[in-house]
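Residue numbers for the sequence shown follow our numbering, so the first one is 18 and each next one is one higher. Note that the Cβ used here is the ideal one computed from N, Cα and C, for glycine as well.
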Amino acid sequence: MMNNFLLPSAESVTANPHKMLPKLLHQQGNGVGRAYQDATLLADAILEAAVVIEDFLVPWRPALSDSLLEGLLADENARFESREHRELKVHARIVALAANPSALLEPESKIGHERFALRPDLIVWSAFGVSESYECGATDGRGVYMQLLSGQIRVTVLPFSGLNAPGIRGYVFRFPTNPPMPEITAEAAQAAWNELVATDFTTDMLSINSCI
18 MMNNFLLPSA ESVTANPHKM LPKLLHQQGN GVGRAYQDAT LLADAILEAA
68 VVIEDFLVPW RPALSDSLLE GLLADENARF ESREHRELKV HARIVALAAN
118 PSALLEPESK IGHERFALRP DLIVWSAFGV SESYECGATD GRGVYMQLLS
168 GQIRVTVLPF SGLNAPGIRG YVFRFPTNPP MPEITAEAAQ AAWNELVATD
218 FTTDMLSINS CI
């Protein structure tokens, strides 16, 4: 069952990051904190104004059936995960394409070439070779900070509790010198959704035709 915790404003988090970040970032869908997570470095950086946290709210989100989730995330490796996590991963794709319709989406790709490299839920590349990442559900605060240090211009987090909001709700973390996320309208989100669904439908038709 999804917890009923409502997301506070980024301003409130900035005022008390050591207390608020663990609950925001590490809380699982059932409201229980994930073990062995740590947001201390990220909280320190926010207090020192080395990292900025900002709200984002997309005032629209689609209704997602199980079959749509299956089709839209068919390019990912099979794994056990909650329906809520899969829903957030689709939301991340909508936000990414709404912010930049020409973006290249790479789900669960590695950052860097180390053996134990970071692997966010989604990496998004612009036409200029600039990348940003998205994390969905519970995520380690250390990972958010390390992704920024590794060159991501922004790390957008969609917590489980954001599913309590009427649209798509989350936070953007960035260095002060990096650009903020552009404002995303309901119309832009719907256009991104239409593109995702059209791509999913085309992929299904190609798969069916290959079997005839």
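- Cβ contact annotation for P79 (same chain, cutoff 7 Å, sequence separation greater than five): W210, in chain order.
- By a beta-carbon distance limit of 8 Å, V69 does not contact R186. Their separation comes to about 18 Å.
- If only uninterrupted alpha helix (DSSP H) runs of at least 4 residues are considered, those enclosed by the stretch 19-43 are 27-32 and 34-43.
- Looking at the backbone, the Cα of I140 and that of V112 are separated by about 12 Å.
- Exposure of A134 is indicated by the presence of fewer than 16 other C-beta atoms within 10 angstroms of its C-beta.
- DSSP, read as helix, strand or coil, puts D55 in coil.
- For R96, no beta strand (DSSP E) segment is defined, and its DSSP state is neither H nor E.
- Burial of V189 is indicated by the presence of at least 16 other C-beta atoms within 10 angstroms of its C-beta.
- In the pairwise beta carbon analysis, the stretch 81-95 is classified as not touching the stretch 198-210: fewer than three pairs are separated by under 8 Å.
- In the same chain as I63, and ignoring 5 residues on each side of it, the C-beta atoms closer than 7 Å to its own belong to T31, P34 and I70, in chain order.
- By the neighbour-count definition (other C-beta atoms within 10 Å, threshold 16), L121 is an exposed residue.
- Boundaries of the alpha helix (DSSP H) around V107: R100 to A116.
- With respect to G184, V75 sits close: the two C-beta atoms are nearer than 9 Å.
- Between S143 and T173, the C-beta spacing is not below 9 Å.
- Contact annotation: L38 and G158 have beta-carbon atoms nearer than 9 Å.
- A distance below 9 Å separates the beta carbons of L41 and P176.
- In this model, A60 and E93 are separated by some 31 Å (Cα to Cα).
- Here S126 carries a coil assignment [DSSP, helix/strand/coil].
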